[in-house]
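In the working numbering, the protein residues as written are 16 to 427.
For each residue, glycine too, the CB sits at the ideal point set by N, CA and C.
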Ligand code: AMP
Ligand code: GLY
């Protein structure tokens, strides 16, 4: 088979890596890919927003299966465009991708079908939003509507903080926000392979969204992650599948917007059971980078089976994988380009490229999140020690990372 992976980040590198291990695959392309992906795939110089260019390439090369990484490519309607031409593509249509691109779309379905989530209200006017925040008090969560790469969310501990988040959101044209009850508890991600009512869960991962140690600092796309998560027991996973993931897939079928692709549940284990923080219409990044290396089943075969709506059982390595993100100083507010990265050839762990480029024969930084180093061990403690020993071999003045990935679960 010829397979095309769309995207250029760490998630897509991990997806391409999993595809490259499949016995079904003869040729793997990545568009546009990245320097890490170039080692396992042929990178094609077509941007991940160029739906027409990607479609023309897939037709010309007779690609048998396309896998979409980023949410913005899905929100542009790439799946609709490919399916219209009879090309096989794993991802949701533009309408179904609204489960992520519109917080309100997802919330309305959750409310209608009784899927547990935080109480919310949406606003298009700043004054009424401020009045609502004052009435509810803190803590409270302010979310800008639309795709924000994990950055449009403020978990405000005070009313003042919530109001300044509203100031920023409404300073933008067409400002629209969702204000939510703040959920307290243990956060985890459950990602499923989905096609209509067929929903196959993967193993659990825990992302670390805040920029700095101790969950301090601004929200980011994710600074580190590990899998599995021992606090999330099989009974909790079954509850989540039963009350959240399967009902959501089934609700989308009933609403006439069936979902195909990776359905990502961002979840909170509260004292009142598991509640939904959000759904995403694609694999998590950095979750993909620790979940996929543990998958022992043939990834491409699983996707084909799910698309045929066949039930399948996945097999997983029992090892723990732990990933530490190296990000540019200033991320998420700013990012650097062109700083030299040394020492990655000394690293004895998997590295996925998130934002790198080649410049004058050197690997350089090219974005906010730059690399993720993924180590493994028999236990979380072992995976932690192994990964951080490897992270320290990378030299780049402009990069920083969190030192406490996985620590919360160790202290539990
Ligand atoms: P989102 O973009 O919706 O994933 O939000 C980013 C992060 O903000 C989540 O991963 C949570 O850590 C936090 N968050 C979002 N919504 C809530 C909520 N209702 N209660 C508590 N934390 C939240
Ligand atoms: N890791 C969070 C996300 O992919 O949205």
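For the set 210, 99, 268 and 56, the Cα lying nearest the Cα of residue 74 is the one of 99.
In the assembly as shown, residue 158 is a buried residue. Its beta-carbon has 16 or more other beta-carbons within 10 Å. Residue state for residue 134 is assigned as coil, using DSSP reduced to three classes. For residue 302, the distance from the CB to the nearest heavy atom of the ligand GLY is below 8 Å. In terms of Cβ geometry, residue 386 and residue 341 form a close pair [threshold 9 Å]. For residue 28, there is no enclosing beta strand (DSSP E); the residue is part of the alpha helix (DSSP H) that begins and ends at 25-35. Apart from the 5 residues on each side of it in sequence, residue 197 sits with its Cβ closer than 7 Å to the Cβ of 154, 155, 156 and 170 in its chain, given in chain order. Here the alpha carbons of residue 278 and residue 284 stand approximately 18 Å from one another. Residue 377: not part of any alpha helix (DSSP H); member of the beta strand (DSSP E) spanning 377-382, first to last residue.
Spatial neighbours of residue 210 in its own chain (CB-CB distance under 7 Å, excluding positions within 5 residues in sequence) are listed in chain order as 275, 321, 322 and 324. Annotation: the continuous beta strand (DSSP E) that includes residue 81 extends over 80-83. Within the same chain, and ignoring the five residues on either side of residue 133 in sequence, the residues whose Cβ sits closer than 6 Å to its Cβ are 195, 196 and 198.
Per DSSP, the unbroken alpha helix (DSSP H) holding residue 76 starts and ends at 66-76. The alpha carbon of residue 244 has as its nearest neighbour, out of 234, 250 and 220, the alpha carbon of 220.
Taking non-hydrogen atoms of the ligand GLY into account, the C-beta of residue 83 is found less than 8 Å away from none of them.
The beta carbon of residue 125 sits closer than 7 Å to those of 132 and 291, all from its chain and outside the five residues before and after it, given in chain order. Distance check between residue 297 and each of 82, 76 and 39 places 82 closest, using alpha-carbon atoms only. Looking only at 288, 280, 229 and 392, the smallest Cα-Cα distance to residue 308 is reached by 392. Remark: the shortest separation between the CB of residue 241 and any heavy atom of the ligand GLY does not fall under 8 Å. Residue 238 is positioned such that its CB atom lies no closer than 9 Å to that of residue 26.
Within the stretch 192-255, the complete beta strand (DSSP E) segments at least 3 residues long are 192-196, 201-210, 213-216, 225-227, 231-234 and 239-242, listed from N- to C-terminus. Membership of residue 187 in any alpha helix (DSSP H) is not indicated, and neither H nor E is assigned to it by DSSP. With a cutoff of 8 Å, residue 198 counts as near the ligand AMP, since its C-beta is closer than that to a heavy atom of the ligand. A contact between stretches requires three or more CB pairs, one per stretch, nearer than 8 Å, and the stretch 244-259 fails this requirement with the stretch 107-124. For residue 140, the closest of 28, 22 and 193 by C-alpha to C-alpha distance is 193. A residue is called buried when at least 16 other Cβ atoms come within 10 angstroms of its Cβ; residue 213 meets this threshold and is buried. Inclusion of residue 57 and residue 45 in the CB contact set at 9 Å is warranted, their separation being smaller than that value. For the stretch 90-169, the continuous beta strand (DSSP E) assignments of 3+ residues that do not extend past its boundaries occur at 135-138 and 155-159, in sequence order. A straight line joining the alpha-carbon of residue 406 with that of residue 362 spans about 7 Å. For residue 391, the beta-bridge partners assigned by DSSP are 336.
Beta bridge pairing from DSSP links residue 291 with 132 and 282. The bridge partners DSSP lists for residue 274 come to none. Listed in chain order, the non-local C-beta contacts of residue 382 below 6 Å within the same chain comprise 350 and 370, local neighbours out to five positions each way being set aside.
Pairing residue 204 with residue 280, the inter-Cα distance amounts to about 6 Å. Distances from the CB of residue 191 to the heavy atoms of the ligand GLY are all 8 Å or more. Residue pairing by DSSP places residue 371 opposite 380 in a beta bridge.
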